[in-house]
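Visitor: Got a structure here, written out as structure tokens. Questions coming.
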Amino acid sequence: MNTQISWNLQDLLRGQSPEDLRAGITRGTEEIAAWRNRLDTLTPVQLRKLLDQKDQVKSDLSRYYSYYSLRQAEDTADPGILAKLSELEQFATEISNKLLFLTLWIMHLPDEQAKTYLESEPLAPYHYLLTSIRKDKPYTKTEEIEHILNLKNITSSHLATMYDILSDGFHYELDGKSITKEELISLKTSPRAEIRERIYPLLFQPYQEHKALFSELYKAIVLDWNIEGIRIRNHTNPISIRNHANDIPDEAITTLLSVIRSNARLFADYFTLKHAINTKTGQTTRTRAATSTHRIQDLHRRPTPSRSPSTSSLRRTNASTCACTTQPNASSMRTTSTSIRNPGNEPEHSAQASTTPKHPTSS
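For the sequence shown, this note's numbering assigns the number 195 to the initial residue and increments by one for each residue that follows.
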């Protein structure tokens, strides 16, 4: 049953080799860095060209990283690809550090000079980016400290890699056959109810066996998030880090949570009623997903001489699937480190993606 995934990744390279793509990234970075000692002479048009060039470098870096990231998805334990990704993270951090000076310069511009750039026509497409960078000033350190934090994050990002290597390597025995985690997860929507019932406890069994290790990984991620976001960058609390990255005031989220808490009884009543209805039809949380999925498949297979099923009906079916499939949610701790360490909410490279392990049931 084991299936080897193979990706067609040529669209990411756009006719280039990975080496050519990397050389272009290095060349573009050096051209931008050449302006370091001439920033105060920049006209709005020249700054626009620099930002365009930086945007291209970041785009190419994202494609370069995505190429090897998807190669890793074919085999998460491939030592060659893991070594390449580790080296690539160091390369991407080096690029980020070399370009950081431009972000810090924009951040610390006098208000009047910044206003000139912000109100100029050539920089109109970058208005939101420029204002976001300047909003990051209270949470940004000196260039030297920012460089150190970026280098530190090379190591901390491997916490999620360790999680993936361990969890993606799980194998399960089902009906005398050894299958992978992905193959087991695909059986959540099996038409056979007894299979669906069996896979859930089976899926979480190795997580229970390795709970001490997973606990340490999660604690390390939370500690890293707290040290950098709260103690170093001086955000008020952990959720403020996420709110700032999403450009949402803390007050808005506080109000949202307050309204939800005050109306929690409505949610409880809804799910109590839904549970009663599902119980009468013999469904459980472990059978509902398959029932809904196969109902959608039936809708597509069924002859429809008058009209096809409406989009809203399919949307309602999918909604019921989500509402009834309750599982332990490891992803509730999801923390994208990019928002902490990149001034101006700028993900300097894709290697700075989420450091949070995936939910066990995500395929």
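A virtual CB, placed ideally from N, CA and C, is assigned to each residue, including glycine.
1. Which term fits E445, buried or exposed, when burial requires 16 or more other beta carbons within 10 angstroms of its beta carbon?
2. So, for I389: in the same chain, excluding its five sequence neighbours on each side, which residues have a beta-carbon less than 7 Å away from its beta-carbon?
3. Looking only at C-alpha atoms, which of I454, N457, N437 and H341 sits nearest to I289?
4. For the region 303-322 and the region 261-280, state whether three or more C-beta atom pairs, one from each stretch, are separated by less than 8 Å.
5. Can you give me the Cβ contacts of R501 inside the same chain, cut-off strictly under 8 Å, excluding the 5 residues immediately before and after it?
6. Report the three-state DSSP secondary structure of K335 (helix, strand or coil).
7. Residues in the same chain with beta-carbon distance under 8 Å from V251, minus the five sequence neighbours each way, listed in chain order, please.
8. Evaluate E367 with the Cβ neighbour count: other Cβ atoms within 10 Å of its Cβ, from every protein chain shown; 16 or more gives buried, anything less gives exposed.
9. Is S290 helix, strand or coil by DSSP?
10. Do I339 and T297 have their CB atoms nearer than 8 Å?
11. If you follow the alpha helix (DSSP H) that I219 is part of, which residue opens it and which one closes it?
12. Could you pull the DSSP bridge partners for I373 from this structure?
13. When you compare only the Cα positions, how much space is there between L206 and T383?
14. Relative to the alpha-carbon of A387, which residue among I275, N202, Q477 and Q284 has its alpha-carbon at the smallest distance?
15. Taking the alpha-carbon positions, what's the S452 to I424 distance?
16. Nearest to L245 by alpha carbon, out of Y259, W229, Y258 and R257?
17. Would you call the CB atoms of N440 and Y333 closer than 8 Å?
18. Which of the three DSSP states, helix, strand or coil, is assigned to T383?
19. Once the 5 residues before and after N344 are set aside, which same chain residues still bring their CB inside 7 Å of it?
20. Can you look up Q477 in the DSSP assignment and give me helix, strand or coil?
Guide: If we stick to the structure as given:
1. Residue 445 sits at position 251 when you count from the first residue of the sequence shown. It is exposed - the Cβ of E445 has fewer than 16 other Cβ atoms within 10 Å.
2. Residue numbering aside, residue 389 sits at position 195 when the sequence shown is read from its first letter. Around I389: L381.
3. For this step, residue 289 is matched to residue 95 along the sequence shown. Closest by alpha carbon: H341.
4. With a cut-off of 8 Å, the region 261-280 and the region 303-322 do not count as touching, because too few Cβ pairs lie within range.
5. The residue labelled residue 501 in the question sits at position 307 within the sequence shown. A caution first: R501 carries a pLDDT of 36, below 50, which makes its placement in the model unreliable, though a value can still be read off. Excluding sequence neighbours, R501 sits near nothing in its chain.
6. On the sequence shown, residue 335 is found 141 positions in, with the first residue counted as 1. DSSP places K335 in coil when its eight states are reduced to three.
7. Locating residue 251 in the sequence shown gives position 57, counting from the first residue. Same-chain partners within the cutoff: I219, G222, T223, I226, I289 and L293.
8. The count along the sequence shown starts at 1 and reaches residue 367 at position 173. Flag for E367 reads exposed.
9. On the sequence shown, residue 290 is found 96 positions in, with the first residue counted as 1. Note: S290 maps to helix in three-state DSSP.
10. Position 145 of the sequence shown, counting from 1, holds the residue named residue 339. Position 103 of the sequence shown, counting from 1, holds the residue named residue 297. Taking 8 Å as the Cβ cut-off, I339 and T297 do not qualify as a contacting pair.
11. If you number the sequence shown from 1, residue 219 lands on position 25. Counting along the chain, the alpha helix (DSSP H) containing I219 begins and ends at P212 to A227.
12. Taking the first residue of the sequence shown as 1, we reach residue 373 at position 179. Beta-bridge pairing links I373 to Y366.
13. Within the sequence shown, residue 206 is the residue found at index 12, counting from 1. Within the sequence shown, residue 383 is the residue found at index 189, counting from 1. Cα to Cα, L206 sits roughly 32 Å from T383.
14. Numbered from 1 along the sequence shown, position 193 holds the residue referred to as residue 387. Checked all of I275, N202, Q477 and Q284; the closest Cα to A387 is Q477.
15. Position 258 of the sequence shown, counted from the first residue, corresponds to residue 452. Position 230 of the sequence shown, counted from the first residue, corresponds to residue 424. The alpha-carbon atoms of S452 and I424 are separated by roughly 24 Å.
16. Along the sequence shown, read from residue 1 onward, the residue named residue 245 stands at position 51. L245 has its Cα closest to that of W229, out of Y259, W229, Y258 and R257.
17. By 1-based counting over the sequence shown, the position of residue 440 is 246. By 1-based counting over the sequence shown, the position of residue 333 is 139. No.
18. Residue 383 sits at position 189 when you count from the first residue of the sequence shown. Correct three-state label for T383: helix.
19. In the sequence shown, counting from the first residue as 1, residue 344 sits at position 150. So the list reads T287, S290, N291 and R535, once near-sequence residues are dropped.
20. The residue labelled residue 477 in the question sits at position 283 within the sequence shown. Three-state result, Q477: coil.
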